[in-house]
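Here is the structure we will look at, set down as structure tokens.
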Amino acid sequence: MTIGLALSGGGALGAAHVGLLEELVRLGITPDQICGTSAGAIVGLLFADGGLPAIEEFLTRLRKDRLIERSIPRSPEVFLTKVGTAIQACISAHAFFELPISFSCVATDIVSGESVVLDDGDVVDSVLASCAFPGVFNARHGADRLLIDGGVTRNLPADVLRARGATFVIGSSLYSIAEMTEQDQEPGFNRIQTAMRALSILQLALSRLQIDHCDFCCVPPIGMYQWLDFRHIDEIMKIGRREARARSSELAEELSAVGITAK
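So the sequence shown is numbered by the working numbering: it starts at 1111 and just counts up by one.
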């Protein structure tokens, strides 16, 4: 039995992944493969290298460097570079093959429109390519391609794990659409906001299709937050923990049904 863990994108919402990872550790379950997109790629890489302590150190560095005090970074490219520096400081691996747990991440080839699974070369560069949200961060060169955020094509990469031999896939899907108030629907709702919401709708639809590839999927109720709400990371993490704990017994039962005994 091979366990795969799929972690979706979602920007600041990625903090909600922590709750599920904590429950996996508590249950004594170590995934054989992890595949993440965007924020899920960051969390997945940290966990694959150093487990929960690496994630805790990363969040500490974000707070120390004041990277999560505001919603929209003043200089997006500087922000992403600093995130990459923080990731590298929290892991020991530089290449994928050095990781204790098999890890891959997903980006999108902006030229061909194809989903690209990255599992070779520099891990941090690959993860940052997976995080290159269109309209915010520049496209990045990697794997002889021009890459943007993997969420455009595979926000929850569950099928990637299936294709790679995972027989039991655990998912953590964070994408949702915030409710629109009457004020949001006034004429002031501009073209950029419309485009961003349309992209969110597309990513949510893709994520729902990918949930069908999961044997178990945790979907924390974080629809009141948006991907750029970095200042609300602590609240987002609390919701993720609460949802993961509430469904922990269900996960243990699902694993038991296929012959995997949790603690």
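C-beta: ideal position from N, C-alpha, C; glycine also.
Spatial distance of Leu-1256 from Phe-1189 (CA atoms): Sequence index remark: in the sequence shown, residue 1256 carries index 146 (1-based). Sequence index remark: in the sequence shown, residue 1189 carries index 79 (1-based). Cα-Cα distance, rounded: 20 Å.
Residue nearest to Ala-1151 in terms of C-alpha spacing, selected from Asp-1259, His-1342, Glu-1345 and Ala-1372: The count along the sequence shown starts at 1 and reaches residue 1151 at position 41. Among Asp-1259, His-1342, Glu-1345 and Ala-1372, the Cα nearest to that of Ala-1151 belongs to Asp-1259.
Contact the region 1354-1366 vs the region 1137-1144: 3+ CB pairs below 8 Å: Yes: the two stretches touch, three or more of their Cβ pairs being nearer than 8 Å.
Gln-1320 and Ala-1268 closer than 8 Å at C-beta: Here residue 1320 refers to the residue found at position 210 of the sequence shown. Here residue 1268 refers to the residue found at position 158 of the sequence shown. It is a contact, given that the beta carbons lie within the stated cut-off.
Classification of Arg-1357 by the beta-carbon crowding that lies within 10 angstroms, buried from 16 upward: Taking the first residue of the sequence shown as 1, we reach residue 1357 at position 247. Its Cβ being crowded by 16 or more others within 10 Å, Arg-1357 is buried.
Alpha-carbon spacing of Leu-1172 relative to Asn-1300, whole angstroms: Position 62 of the sequence shown, counting from 1, holds the residue named residue 1172. Position 190 of the sequence shown, counting from 1, holds the residue named residue 1300. If I take the Cα positions, the gap works out to 31 Å.
Per-residue DSSP class, three states only, for Phe-1247: Here residue 1247 is taken as the residue at index 137 of the sequence shown, counted from 1. The answer is coil: DSSP assigns Phe-1247 none of H, G, I, E or B.
Alpha carbon of Leu-1155 to alpha carbon of Leu-1284, nearest angstrom: Translated into the one-based positions of the sequence shown, residue 1155 becomes position 45. Translated into the one-based positions of the sequence shown, residue 1284 becomes position 174. Computed Cα separation, rounded: 17 Å.
Those residues which DSSP pairs with Phe-1278 across a bridge: For the purposes of this step, residue 1278 is taken as the residue at position 168 of the sequence shown. Looking at the DSSP assignment, Phe-1278 forms a beta bridge with Ile-1113.
Reduced DSSP secondary structure (H/G/I, E/B, other) of Gly-1350: Within the sequence shown, numbered from 1, the residue matching residue 1350 stands at position 240. Here DSSP, grouped into helix, strand and coil, assigns Gly-1350 to helix.
Which of helix, strand or coil DSSP assigns to Leu-1256: For the purposes of this step, residue 1256 is identified with residue 146 of the sequence shown, where counting begins at 1. Three-state DSSP puts Leu-1256 in a strand.
Short CB-CB distance (under 8 Å) between Leu-1284 and chain D: No chain D appears in this structure, which consists of one protein chain only.
Simplified DSSP assignment, three categories, for Ala-1308: For this step, residue 1308 is matched to residue 198 along the sequence shown. Here Ala-1308 sits in helix by DSSP.
Ile-1370 (DSSP reduced to helix, strand or coil): For the purposes of this step, residue 1370 is taken as residue 260 along the sequence shown, with counting starting at 1. Ile-1370: coil per DSSP, three-state reduction.
Alpha-carbon to alpha-carbon, Val-1221 and Val-1329: Against the sequence shown, residue 1329 aligns to sequence position 219. Against the sequence shown, residue 1221 aligns to sequence position 111. Near 32 Å, if we compare the C-alpha coordinates of Val-1221 and Val-1329.
Distance between Lys-1373 and Phe-1243 (C-alpha atoms, nearest Å): The sequence position of residue 1243 within the sequence shown is 133, counting from 1. The sequence position of residue 1373 within the sequence shown is 263, counting from 1. Rounded to whole angstroms, Phe-1243 to Lys-1373 spans 39 Å at the Cα level.
When Gly-1333, Ser-1225, Thr-1304 and Asp-1254 are compared against Ser-1148, the one with the closest alpha-carbon: Translated into the one-based positions of the sequence shown, residue 1148 becomes position 38. Of the candidates Gly-1333, Ser-1225, Thr-1304 and Asp-1254, the one whose C-alpha sits nearest the C-alpha of Ser-1148 is Ser-1225.
Inter-residue CB distance, Ile-1144 and Leu-1115 (contact presumed, cutoff 8 Å): Looking up residue 1144 in the sequence shown gives position 34. Looking up residue 1115 in the sequence shown gives position 5. Between Leu-1115 and Ile-1144 the Cβ distance is about 5 Å, and since that is below 8 Å, they are a contact.
Neighbourhood of Cys-1215 by C-beta distance below 6 Å, restricted to the same chain and skipping five residues each side: By 1-based counting over the sequence shown, the position of residue 1215 is 105. Contacts found: Gly-1146, Ala-1151, Leu-1228, Ser-1236, Val-1237 and Ser-1240.
Backbone secondary structure at Ala-1268 - three-state DSSP: Taking the sequence shown and counting its residues from 1, one reaches residue 1268 at position 158. DSSP places Ala-1268 within a helical segment (H, G or I) once states are collapsed to three.
Beta-carbon proximity check, Pro-1210 vs Ala-1164, cutoff 8 Å: Residue mapping note: residue 1210 aligns to position 100 of the sequence shown, counting from 1. Residue mapping note: residue 1164 aligns to position 54 of the sequence shown, counting from 1. No, the pair does not count as a contact, with Cβ atoms beyond the cut-off.
Helix, strand or coil at Val-1193 according to DSSP, with G and I counted as helix: The residue given as residue 1193 occupies position 83 in the sequence shown. Three-state result, Val-1193: helix.
Simplified DSSP assignment, three categories, for Ser-1359: As a first step, residue 1359 must be located in the sequence shown, where it is residue number 249. If DSSP states are grouped into helix, strand and coil, Ser-1359 belongs with the helices.
Boundaries of the beta strand (DSSP E) in which Ile-1144 is found, first to last residue: Residue numbering aside, residue 1144 sits at position 34 when the sequence shown is read from its first letter. Run containing Ile-1144: 1143-1147, per the beta strand (DSSP E) assignment.
Where the beta strand (DSSP E) containing Leu-1228 begins and where it ends: Indexing the sequence shown from 1 puts residue 1228 at position 118. Looking at the DSSP string, the run of the beta strand (DSSP E) that includes Leu-1228 is 1225-1228.
Nonlocal neighbours in the same chain, by C-beta distance under 7 Å from Asp-1232, ignoring five residues either side: Indexing the sequence shown from 1 puts residue 1232 at position 122. Answer for Asp-1232: His-1204 and Ala-1205, listed in chain order.
Opposing strand residues paired with Ala-1205 [DSSP bridges]: As a position in the sequence shown, residue 1205 is number 95, starting the count at 1. Answer is Asp-1232.
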